[in-house]
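Residue numbers (the numbering used here): 177 to 412. In what follows, a structure is listed as structure tokens, so that the remarks can point back to it.
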């Protein structure tokens with residue numbers, strides 16, 4: 177199966193912190209940095225902003241923040257997989273710590289997304305959960321320890337290797353993303369250098385005096401970490 181998303185990649189998920197004009201300026205800057213450094217850029221945005229952000233034509237991959245398991249029908253207020261496709265979304269993030277799903281809800285959501293061609297990033301907070309999520313066949317498992325979400329985590333993350341092994345023992349084709357507490361470009365670089373496919377930051381980017389400039393620095397660091405990991409692999 178050909179996956180829409182490939183390594184290395186960097187994700188920004190601005191929740192509902194930005195108005196549209198601010199979000200668009202950030203996406204333009206991040207996408208240009210991604211093109212400059214050979215890093216795929218994912219922006220996970222509110223449903224109402226998907227179409228205008230896609231319409232910018234920046235090359236950034238635009239993901240939704242939610243997906244209802246409902247199909248087409250008389251439901252009200254649901255975000256269907258078909259609706260996301262129709263407004264141009266490339267994928268959807270599922271099971272974020274702020275919007276957890278039961279295992280059955282998650283399985284159904286992944287199936288619905290996959291059936292219409294949406295890529296999926298599915299969040300997990302433990303090695304066991306990461307393995308369970310990998311069995312559902314997502315494009316990416318995003319491993320975020322809950323205590324680090326929105327916090328300032330350091331570079332010492334001993335779980336990176338064990339969580340990747342848990343996921344790849346189930347499905348070696350699933351991409352592995354590590355995030356949570358990615359408060360500086362140096363943290364992003366160290367995570368990538370540990371051998372993962374992608375990382376991301378929201379608070380580190382949006383909390384900066386110049387979010388667009390911060391996004392560029394994080395994406396440059398993502399590439400530097402990826403290159404370091406590839407160089408280390410060649411020496412083994």
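A virtual CB, placed ideally from N, CA and C, is assigned to each residue, including glycine. Note that this is a predicted model, so its numbers are computed, not measured.
Residue i, DSSP secondary structure in three states
i, result
"residue 374", "strand"
"residue 394", "helix"
"residue 268", "strand"
"residue 263", "coil"
"residue 363", "helix"
"residue 255", "coil"
Which residues DSSP lists as bridging residue i, in chain order
i, result
"residue 188", "219"
"residue 240", "221 and 268"
"residue 203", "DSSP, once it has assigned bridges, lists no residue as partnering residue 203."
"residue 346", "DSSP lists no partner for residue 346."
Contact belief for residue i with residue j at Cβ below 8 Å, rounded distance in angstroms
i, j, result
"residue 210", "residue 217", "4 Å"
"residue 368", "residue 375", "6 Å"
"residue 181", "residue 237", "6 Å"
"residue 264", "residue 311", "Rounded, the Cβ-Cβ distance is 29 Å, inconsistent with contact."
"residue 336", "residue 370", "5 Å"
"residue 289", "residue 340", "Contact doesn't hold; Cβ gap of about 23 Å is too wide."
"residue 248", "residue 204", "About 34 Å separates the two Cβ atoms, so there is no contact after all."
"residue 284", "residue 235", "Actually they are not in contact, since the Cβ atoms of residue 284 and residue 235 sit about 31 Å apart, beyond 8 Å."
"residue 221", "residue 241", "7 Å"
"residue 391", "residue 206", "4 Å"
"residue 318", "residue 259", "Going by Cβ atoms, the distance from residue 318 to residue 259 rounds to 23 Å, so no, they are not a contact pair."
Residue range of the unbroken beta strand (DSSP E) whose run includes residue i
i, result
"residue 351", "351-354"
For residue i, the first and last residue of its enclosing alpha helix (DSSP H)
i, result
"residue 228", "226-231"
"residue 380", "379-382"
- Could I get the ranges of all uninterrupted beta strand (DSSP E) runs contained in the segment 282-329, with 3 residues as the minimum, in chain order? 295-300 and 316-319
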